[in-house]
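Residue numbers (UniProt numbering): 1 to 333.
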C-alpha cells in the first residue's frame, strides 16, 4: 500500500483498526539508534522509574511522565507510549493523558497517590490519538473515576474513530478500555481553567498535530504540557497534521522561554532544543513548498529531504515519516 493509499485508509472509519496497527507497528521499524534514544535517561533525578516510563519532578507539585517505549536492549514497551504528567493542588490532582493502555494510566494513578496523597481527580487529554486515550479506563477505582476533560472535537473523534465500529473485528478490545470524556470544552470558548486549590491549570484548545489539540499550562512556575504539538529528538508525526496551524500552535506552546516544556514524545526540551524543533518544522515547510513548486511528487520530495546535523539528531519511528510530513503540506498547497 502506498503512503497516499494508507493515508486515505486511515481517514476512513473502516480502515481505522489497520491505521492504528500501522502507527504502532512503526515502533517495530525504528532503528537501533532510535531505540537507544528512547531508552536514554533525562537530566532530572526521576521520582519513579518503570520499564516503560520515568517520572521526573519539574517543579513543586508538578511531575512529567517521560515514556521510554524501548528498553536499553531494544524490547518494545507500549504501556504508556506518550508523555504526560501530574499537577497537584491543595484540593485536586490533575493528570495529563490517558496513555496507550489501562495499565499505564493505573501506574500514573498509583504514582499520584504516592506523591500527593490522593488519586487523580481530573484527567486532561491533549488529543484523540490512541496512545493518549487508549488507557483512560485505567484511572477508574471501583465506582470512583476522575473527570476526563477534552475538547468537544476530540470527544467526537474518539466516538467516530474508536467506538463506532462493531463488525466483529478486534476493535472491540479497544472499545472495552476507552473511557469517554465527562467534561467537554465547547468550541466557542478560548479554553478553561481548572482550580486545583492554590494552583490553576489553563486548558488552551488549538490545532496542528490534529484538528483538535489541547495545551495545558501551569503558572508559578510556568510549565507547559504541549502534547504532540512538540517533539524532542524524534521527527514529528504529521499523519493527521494541519501544518499551517501546527506552526502557529507551536509558537503558543513555546512562547515563554522561561517555561518548562513537556513534549508529547522525547525528553524535556532545553532552549536550544526548542529552537532546533522550530527550525525542523520550518525546514519541512520550505522543502515541501519548493518541491511542490517544482512539480515533484511527494515521494521525490521526501527522498531528497534531510535534517542537517546543525539541528541535532532527529530519529524516526518509521522510515516514511519524511514522506508523511511532505504529504501533509501537499494537502494544503
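Positions of the beta carbon are idealized from the N, C-alpha and C atoms, including for glycine.
Counting only residues of its own chain and dropping the five nearest sequence neighbours on each side, residue 225 has a CB closer than 6 Å to the CB of 85, 96, 216, 262. In the three-state scheme derived from DSSP, where H, G and I count as helix and E and B as strand, residue 255 is classed as coil. Counting every other CB atom within 10 Å of its CB across the protein chains shown gives residue 319 a total below 16, marking it as exposed. The closest CA to that of residue 256, considering only 209, 179, 219, is found on 219. Within the segment 244–316, complete alpha helix (DSSP H) segments of at least 4 residues are found at 271–293, 298–303, given in chain order.
Residue 74 carries a coil assignment under DSSP once its states are collapsed to helix, strand and coil. In the structure shown, residue 130 adopts helical secondary structure according to DSSP, grouped into three states. Between residue 281 and residue 184, the alpha-carbon positions lie close to 30 Å from each other.
Pairing residue 127 with residue 228 gives a Cβ-Cβ distance under 8 Å.
Separation of residue 155 and residue 189 (C-alpha to C-alpha, rounded to the nearest whole angstrom) is 16 Å. Taking C-beta atoms under 8 Å as the contact rule, residue 333 and residue 288 qualify, at a distance of about 7 Å. The shortest CA-to-CA distance from residue 58 to any of 153, 259, 102 is the one to 259.
Cβ-Cβ separation between residue 232 and residue 162: approximately 27 Å, too far for a contact (criterion under 8 Å).
In this structure, residue 205 and residue 214 form a Cβ contact; the two beta carbons are roughly 6 Å apart against a cut-off of 8 Å.
Bridge pairing for residue 122: 94, 147 [DSSP]. When C-alpha distances from residue 207 are compared across 291, 135, 235, 151, the shortest belongs to 151.
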